[in-house]
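Engineer: Protein chains in written order, with this note's numbering: chain A, 29 to 202; chain B, 29 to 202. For each residue, glycine too, the CB sits at the ideal point set by N, CA and C. Note that the structure is predicted; figures quoted are calculated from it, not measured.
1) Chain B beta carbons: is any one of them nearer than 8 Å to that of residue 39 of chain A?
2) Under 7 Å between beta-carbons, which chain B residues line up against residue 43 of chain A? List them in chain order, please.
3) Among A:120, A:38 and A:186, whose alpha-carbon lies nearest the alpha-carbon of residue 139 of chain B?
4) Kindly say whether residue 100 of chain A, judged by its beta-carbon, lies nearer than 8 Å to any beta-carbon of chain B.
5) In chain order, which alpha helix (DSSP H) runs of at least 4 residues are fully inside the stretch 45-123 of chain A?
6) Can you list, in chain order, the residues of its chain whose CB lies under 7 Å from that of residue 266 of chain A, leaving out five sequence neighbours each side?
7) Note down, in chain order, each residue of its chain lying with its Cβ closer than 7 Å to the Cβ of residue 53 of chain A, except the 5 sequence neighbours on either side.
8) Can you list, in chain order, the residues of the stretch 127-142 of chain B whose Cβ is nearer than 9 Å to any Cβ on chain A?
9) Please tell me whether residue 59 of chain B has its Cβ less than 8 Å away from any Cβ of chain A.
10) At which residues does the beta strand (DSSP E) containing residue 175 of chain B begin and terminate?
11) Using 8 Å as the cut-off, can you tell me whether the stretch 96-110 of chain B makes contact with the stretch 131-145 of chain B, which would need three or more C-beta pairs spanning the two stretches below that distance?
12) Taking the alpha-carbon positions, what's the residue 113 of chain A to residue 51 of chain A distance?
13) Should the stretch 54-72 of chain A be regarded as contacting the stretch 148-168 of chain B, the criterion being three or more beta carbon pairs within less than 8 Å?
14) Here's a check: name, in chain order, each residue in its chain whose Cβ is nearer than 8 Å to the Cβ of residue 163 of chain A, leaving out the five neighbours to either side.
15) Give every residue of the same chain whose Cβ lies closer than 6 Å to the Cβ of residue 168 of chain A, excluding the five residues on either side of it in the sequence, and list them in chain order.
16) Which residue wins for smallest C-alpha separation from residue 88 of chain A, given the options A:191, A:47 and A:175?
17) For a contact defined as C-beta to C-beta under 7 Å, what are the partners of residue 156 of chain A on chain B?
18) For the stretch 121-174 of chain A, list the beta strand (DSSP E) runs that are entirely contained and at least 3 residues long, ordered along the chain.
19) Can you pull the chain B neighbours of residue 48 of chain A, defined as C-beta to C-beta under 7 Å?
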């Protein structure tokens with residue numbers, strides 16, 4: 029666990045949640061996996077994180093059941109990438125709430141350094157962590173895109189937890 | 029800032045938000061202030077936190093504009109307590125999202141160790157971080173109660189940011 033002390037058996041559910049999610053790297057790693065960037069080297073490059081720290085946090089997230097490892101083929105070699113579980117996917121409102129608060133209160137270093145949360149079904153940005161403030165539907169990873177203007181020209185549909193069948197096999201991706 | 033590195037000028041608003049809110053103690057201190065427990069000794073007792081750590085985190089929250097200091101009279105002595113600003117009050121959806129995720133996924137150590145988020149206007153619990161899932165109205169600190177069953181027998185209406193007038197004077201509370 030990333031905390032100084034073990035909060036897993038605290039009476040407060042907020043403290044117990046922070047025991048799993050209270051490390052700031054954890055949120056950024058989940059961000060990468062939501063963006064579909066679940067391979068070690070690509071995550072490391074994007075995050076500017078030390079190998080040992082990334083390995084440890086990924087191990088913690090797998091042990092806590094938020095991520096799972098999946099095989100893929102890289103030029104003949106079988107390598108591993110990280111994908112969300114349902115438990116990991118359901119952290120989306122926490123990340124969304126942080127993004128919305130930061131967009132409202134924390135100064136951006138550049139005009140384009142903003143992130144928008146978009147309900148892909150109706151195409152509108154939302155100002156709620158878990159509900160489309162345009163059409164009222166609940167947000168899930170399956171119907172949400174993030175648009176980080178410095179990252180991609182278009183909004184990115186978020187990754188979701190793959191089905192159990194997909195996880196059991198080796199998926200070949202170029 | 030509580031992080032190893034300065035993320036305040038990152039292009040990603042999630043990283044910039046974590047630069048302010050990424051320390052787990054910060055969320056628990058905000059929890060206490062939302063519960064109306066903004067005095068140093070009472071917070072220290074409730075959190076089981078070292079004096080130096082609490083002082084440092086409170087200073088960071090004041091410097092970041094999430095909390096303000098307010099005078100109160102304690103047996104003839106003027107002392108200080110911490111109250112929310114609008115910027116601090118607006119962290120509520122982040123804490124709510126963490127509570128809801130934890131309630132869904134993290135095992136509680138006792139049957140009563142749960143926390144419910146209640147929209148006080150309609151009296152119903154909500155399963156959204158910022159919207160009442162019963163009546164659809166937006167949640168704010170002013171219309172939300174938290175019910176930590178191990179803490180109080182009844183739900184506690186959350187603290188809000190006091191008006192500028194209230195902050196300028198010395199408030200006498202027994």
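Structural biologist: With the given structure in hand:
1) The sequence position of residue 39 of chain A within the first chain is 11, counting from 1. Judged by the 8 Å Cβ criterion, residue 39 of chain A is in contact with chain B.
2) For the purposes of this step, residue 43 of chain A is taken as residue 15 along the first chain, with counting starting at 1. The contacting residues are 56.
3) Taking the first residue of the second chain as position 1, residue 139 of chain B is located at position 111. Looking from the CA of residue 139 of chain B, the closest CA among A:120, A:38 and A:186 belongs to A:38.
4) Translated into positions along the first chain, residue 100 of chain A becomes position 72. Not one chain B Cβ lies under 8 Å of residue 100 of chain A.
5) Counting only unbroken stretches of 4 or more residues, the alpha helix (DSSP H) elements lying wholly within the stretch 45-123 of chain A are 52-62, 68-75, 79-91 and 114-117, in sequence order.
6) What is shown of chain A runs 29 to 202, which leaves residue 266 of chain A out entirely.
7) On the first chain, position 25 is the one that residue 53 of chain A refers to. Only residues of its own chain outside the window of five on either side were considered, and among them 77, 81 and 85 have a CB closer than 7 Å to the CB of residue 53 of chain A, listed in chain order.
8) 127, 128, 129, 130, 131, 132, 133, 134, 135, 136, 137, 138, 140, 141 and 142
9) Taking the second chain and counting its residues from 1, the one referred to as residue 59 of chain B is at position 31. Judged by the 8 Å Cβ criterion, residue 59 of chain B is in contact with chain A.
10) To locate residue 175 of chain B, count along the second chain from 1; it is residue 147. Per DSSP, residue 175 of chain B belongs to the beta strand (DSSP E) from 172-176.
11) no
12) What you label residue 113 of chain A is simply residue 85 of the first chain in a count that begins at 1. What you label residue 51 of chain A is simply residue 23 of the first chain in a count that begins at 1. Each residue's Cα considered, the two are about 19 Å apart.
13) no
14) Start at 1 with the first residue of the first chain, and residue 163 of chain A comes out as number 135. Listed in chain order, the non-local C-beta contacts of residue 163 of chain A below 8 Å within the same chain comprise 147, 149, 150 and 152, local neighbours out to five positions each way being set aside.
15) The residue labelled residue 168 of chain A in the question sits at position 140 within the first chain. Here the set comprises nothing.
16) Here residue 88 of chain A refers to the residue found at position 60 of the first chain. For the residues A:191, A:47 and A:175, the minimum Cα distance to residue 88 of chain A belongs to A:47.
17) Against the first chain, residue 156 of chain A aligns to sequence position 128. The contacting residues are 158 and 159.
18) Fully enclosed beta strand (DSSP E) runs of 3 or longer: 143-147.
19) Here residue 48 of chain A refers to the residue found at position 20 when the first chain is read from its first residue. Near residue 48 of chain A (Cβ distances below 7 Å), the residues of chain B are 134.
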